[in-house]
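Have a look at the structure below, then the notes.
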Amino acid sequence: DAKTTQPPSMDCAEGRAANLPCNHSTISGNEYVYWYRQIHSQGPQYIIHGLKNNETNEMASLIITEDRKSSTLILPHATLRDTAVYYCIVRVFYPPGTYKYIFGTGTRLKVLA
Amino acid sequence: DAMVIQNPRYQVTQFGKPVTLSCSQTLNHNVMYWYQQKSSQAPKLLFHYYDKDFNNEADTPDNFQSRRPNTSFCFLDIRSPGLGDAAMYLCATSREGESTDTQYFGPGTRLTVL
Chain A
1 DAKTTQPPSM DCAEGRAANL PCNHSTISGN EYVYWYRQIH SQGPQYIIHG
51 LKNNETNEMA SLIITEDRKS STLILPHATL RDTAVYYCIV RVFYPPGTYK
101 YIFGTGTRLK VLA
Chain B
1001 DAMVIQNPRY QVTQFGKPVT LSCSQTLNHN VMYWYQQKSS QAPKLLFHYY
1051 DKDFNNEADT PDNFQSRRPN TSFCFLDIRS PGLGDAAMYL CATSREGEST
1101 DTQYFGPGTR LTVL
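Just so you know, the sequences run in chain order A and B. The first sequence begins at 1 in my numbering and counts up one residue at a time. The second sequence begins at 1001 in my numbering and counts up one residue at a time.
Listed below in structure tokens is the structure:
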């Protein structure tokens, strides 16, 4: 299974962009990269996902390198409510017809006032 | 709103006393997952159902079982809880078959073993 590597923690000033990196050097060509976040004692919340192209939605942007071995989640204007653990996940095919979501160890993002 | 519901949110059991956690969903998704999450760790997949087909992870202890009586409900049974089974248990659903599918998580059940 593909494996992801993330820094254990990061700080970001409120109002600045938060850039969270993830390495997934063993990812296969048809495996998607997902990002979720988990605020203390809640279930993980979906942020964004992508395959090879950069993606943007109302929450964040996802930049995937051309070789697909790494990606960066960008929160353009971090707020205190963005303080959470962010998980980089690779979705792998699980025969005969479903998928498993392989979680990374997560980055604890702290947004500072 | 369509959602994933887990009951109870907090469960206390005694060492060795069987316990059942429940999950229900109104999303009509065909896949349901159970994860175990210990303190300061990432969620760890225990097993999942694809429709009625059960898929167990190789390293999931036999002490953990699951039932899915219908599309909407899924149960996690811990036959003889040990102190090491204290954790947050997360249920998730997805509608597989489309490349843009995502997982939807419930709020979790925090299990304490005394």
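Backbone N, C-alpha and C fix where the C-beta goes; we use that ideal spot for every residue, glycine too.
- From the beta-carbon of N1055 (chain B), the residues of chain A found nearer than 8 Å are Y94, T98.
- With the rule of 3 Cβ pairs closer than 8 Å, the stretch 1064 to 1080 of chain B counts as touching the stretch 1008 to 1026 of chain B.
- Where K100 (chain A) is concerned, the enclosing beta strand (DSSP E) starts and stops at 98 to 103.
- By the Cβ-count criterion, G1108 (chain B) is buried, with 16 or more other Cβ atoms from all chains shown falling within 10 Å of its own Cβ.
- According to DSSP, M59 (chain A) shares a beta bridge with no other residue.
- Among the residues facing chain B, T105 (chain A) is included, as its CB has a counterpart in that chain under 8 Å away.
- Rounded to the nearest whole angstrom, the C-alpha separation of C88 (chain A) and C22 (chain A) is 6 Å.
- Apart from the 5 residues on each side of it in sequence, I102 (chain A) sits with its Cβ closer than 8 Å to the Cβ of D1, A2, K3, T4, I89, V90, R91, V92 in its chain, given in chain order.
- With a beta-carbon spacing of about 4 Å, I47 (chain A) and W35 (chain A) fall inside the 8 Å limit used to define contacts.
- Below the 8 Å Cβ cutoff, chain A contributes S41, Q42, G43 as neighbours of G1108 (chain B), in chain order.
- Non-local C-beta neighbours of V85 (chain A) in its own chain, meaning closer than 6 Å and more than five positions away in sequence, comprise Q38, G106, R108, ordered along the chain.
- For R81 (chain A), the three-state secondary structure derived from DSSP is helix.
- Inside the stretch 1059 to 1090 of chain B, DSSP marks whole beta strand (DSSP E) runs of 3 or more residues at positions 1064 to 1067, 1073 to 1078, from first to last along the chain.
- With the criterion set as a beta carbon lying under 7 Å from some beta carbon of chain B, the members of the stretch 72 to 92 of chain A are Y87, in sequence order.
- Shown here, P76 (chain A) sits in coil according to DSSP, grouped into three states, outside any helix or strand.
- Taking 8 Å as the threshold, the shortest C-beta distance from Y1010 (chain B) to chain A does not fall below it.
- Close to H49 (chain A), with beta-carbon spacing below 7 Å, are these residues of chain B in chain order: T1102.
- Excluding sequence positions up to five before and after P1043 (chain B), its CB lies within less than 6 Å of the CB of Y1035, Q1037, L1090, all in the same chain and listed in chain order.
- Rounded to the nearest angstrom, the Cβ distance from N19 (chain A) to T72 (chain A) is 5 Å, consistent with a contact under 8 Å.
- D1051 (chain B) has no beta-bridge partner at all, per DSSP.
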